[in-house]
Each structure stands twice: as structure tokens, then as C-alpha cells.
Amino acid sequence: MSEHQPPRRPRRETVTYASAHGAGAVPGPARRRPPAHAPARSEIDEQTTLGHTYVRSLMRSQLRAALTALGALALLVGSLPLLLALPAPEALVWAALGAGVYPVVWGIAHWYVRRAERNERDFTRLVER
Numbered sequence: 003m004s005e006h007q008p009p010r011r012p013r014r015e016t017v018t019y020a021s022a023h024g025a026g027a028v029p030g031p032a033r034r035r036p037p038a039h040a041p042a043r044s045e046i047d048e049q050t051t052l053g054h055t056y057v058r059s060l061m062r063s064q065l066r067a068a069l070t071a072l073g074a075l076a077l078l079v080g081s082l083p084l085l086l087a088l089p090a091p092e093a094l095v096w097a098a099l100g101a102g103v104y105p106v107v108w109g110i111a112h113w114y115v116r117r118a119e120r121n122e123r124d125f126t127r128l129v130e131r
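Each position in the sequence shown, counted from 1, maps to that position plus 2 in the working numbering.
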């Protein structure tokens, strides 16, 4: 042989489930692969009318949650002057402001965050289907 010959490439081998796991092996149930791009996702990516409708639906549900939280907060803050106008001892007023208002504000904020995350999760589930 000549020294200038290129090295030989190794022979290709086809690997199958049976050759990798033994001749008597049986593969498990076939899994169905989801399509590379779900229809809703491609509609959004291509900015079609249907994709625009999906995104607007998410925006509407997020806006509805935000306006609900804002309305509850406005009712709470709006009722404070009425509460403070009542003839009550000063300690009761401070207790209402310190221990009554902040837990309600925290509850409204907690509800809003959970609702917004649920809206996004539902939208993602819709798009990924």
C-alpha cells in the first residue's frame, strides 16, 4: 500500500432496538410526538387574525383581573374615611388601620397574582395543545 492513501472510513452500522437490547427484545408502546409547532402557536407567530384573537383573549382576562383587584382596593380605601368619621376611640382607629387594612390589601394582591398566573397557565395550555 502507498503511504499517501487516505484512511478508510469506518463501515456504517444501522442500530435498531433489537440489536441494541438483544434479539428477543420488544419495544415499548410508541409515543406520539406532538407536532413541532402547535396550530395556535403558529397562528400567534404568524400574526394572523386568529393569533391576534388568542392574544387579545389573554389581555382581556388579565385586564378583567386587574380591574377587579383595583375595584376591591378602591372600595377598601374609599370606605376608610367613613370608618375614620365614626366616633370611636383612637386605639380602635389605629387598630383598624394597622391590623385591618393591610391584611385585606395583601389578600387582594395575593388573589390578583394567583389569577394572573392562572390566566397565563390557561393561555399556555391552549397554545401548546
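Glycine included, every Cβ here is placed at the ideal spot set by N, Cα and C. Quick caveat, the model's predicted, so the values are computed rather than measured.
Considering only heavy atoms of the ligand ADP, does any lie closer than 7 Å to the CB of residue i?
i   : result
A90 : By its list of ligands, the structure shown contains no ligand whatsoever, and the ligand ADP lies outside what it can speak to.
What is the residue span of the alpha helix (DSSP H) that residue i lies within?
i    : result
L65  : 51–87
R117 : 104–130
V17  : Run containing V17: none; DSSP gives neither H nor E here.
A93  : 92–97
Cβ atoms of residue j and residue i: under 8 Å apart, would you say?
i    : j    : result
V107 : L78  : yes
Y114 : A67  : yes
L118 : Q64  : A small correction: the amino acid at residue 118 is Ala; Leu does not occupy that position in the sequence shown. Yes, the Cβ-Cβ distance between A118 and Q64 is below 8 Å.
L52  : F125 : no
Can you list, in chain order, the residues of its chain with a C-beta nearer than 8 Å to that of residue i? Leave out the 5 residues immediately preceding and following it.
i    : result
V57  : I46
I110 : A71, A74, L75, L78
L85  : V95, A98
Whose C-beta lies closer than 7 Å to the C-beta of residue i among residues of the same chain, with five residues either side of it excluded?
i    : result
N121 : L60, S63, Q64, A67
For residue i, which residues in the same chain have their Cβ closer than 6 Å to its Cβ, ignoring the five residues on either side in sequence?
i   : result
L10 : For clarity, residue 10 is Arg in the given sequence; the question names Leu instead. Same-chain partners within the cutoff: there are none.
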